[in-house]
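Peer 1: First residue of the sequence shown: 2, per our numbering; consecutive thereafter. Just so you know, even glycine gets a beta-carbon here, dropped at the ideal spot from N, CA and C. Quick one: structure below, then a few questions.
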Amino acid sequence: MNTSFLDKIRRDYPDLKFVTGRKFAFRPPKTVVVGPEEPDDSLLLLHELGHAILEHREFGTNVMRLKMERAAWEKARELANAYGVIFDDDKVERELDTYREWLDKKSRCPKCGLTRYETPDGEYHCPKCENL
2 MNTSFLDKIR RDYPDLKFVT GRKFAFRPPK TVVVGPEEPD DSLLLLHELG
52 HAILEHREFG TNVMRLKMER AAWEKARELA NAYGVIFDDD KVERELDTYR
102 EWLDKKSRCP KCGLTRYETP DGEYHCPKCE NL
């Protein structure tokens, strides 16, 4: 990652802690993990910074998690404009697709394959199998 870019982010957000890790991530309440160098690493950093700025802590449901991911990417878009980083919409959609695919797989009933619904407590229920 461009060291001067990361230094600027650190100066602009002195209340946040930036640490090196295996992959880019946000660890509430104030730690942004900077992953290994790769193409688009500035964009990934801005996404995780977006979580921090939006004060994302925890999510009640997996659908809420997807909404938080989308919101962090939208904040990253704003930050990219401010920092002169190219925002790659295709990359963002690919990243979001991984969550969509995960959510689709998780919501499938292991017994019948029907899409289950998730209640506010995070539990999944199958309308077919639970009505037998």
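1) State buried or exposed for S5, treating a residue as buried only when at least 16 other CB atoms are found within 10 Å of its CB.
2) Going by the DSSP bridge assignment, what does F19 pair with across the sheet?
3) Between L50 and I10, is the Cβ-Cβ spacing less than 8 Å?
4) Using a 10 Å radius around the Cβ and a threshold of 16 neighbouring Cβ atoms, would you call R23 buried or exposed?
5) R66 by DSSP, collapsed to three states: which one?
6) Leaving out the 5 sequence neighbours to the left and right, which residues in its chain are closer than 7 Å to E70 when beta-carbon positions are compared?
7) Classify W103: buried if its beta carbon has 16 or more other beta carbons within 10 angstroms, exposed otherwise.
8) Below 6 Å CB to CB, which residues in the same chain sit around Y125 once its five sequence neighbours on both sides are set aside?
Peer 2: Quick answer:
1) So S5 ends up on the exposed side.
2) In DSSP, F19 forms a bridge with V33.
3) Yes. Within cutoff.
4) Sixteen is the threshold: since fewer than 16 other Cβ atoms of the shown chains lie within 10 Å of the Cβ of R23, the residue is exposed.
5) DSSP places R66 in helix when its eight states are reduced to three.
6) Once the five neighbours on either side are set aside, the close Cβ partners of E70 are L97, Y100.
7) Under this definition W103 is an exposed residue.
8) For Y125, where only same-chain residues beyond five positions count, the Cβ hits under 6 Å are R117, E119.
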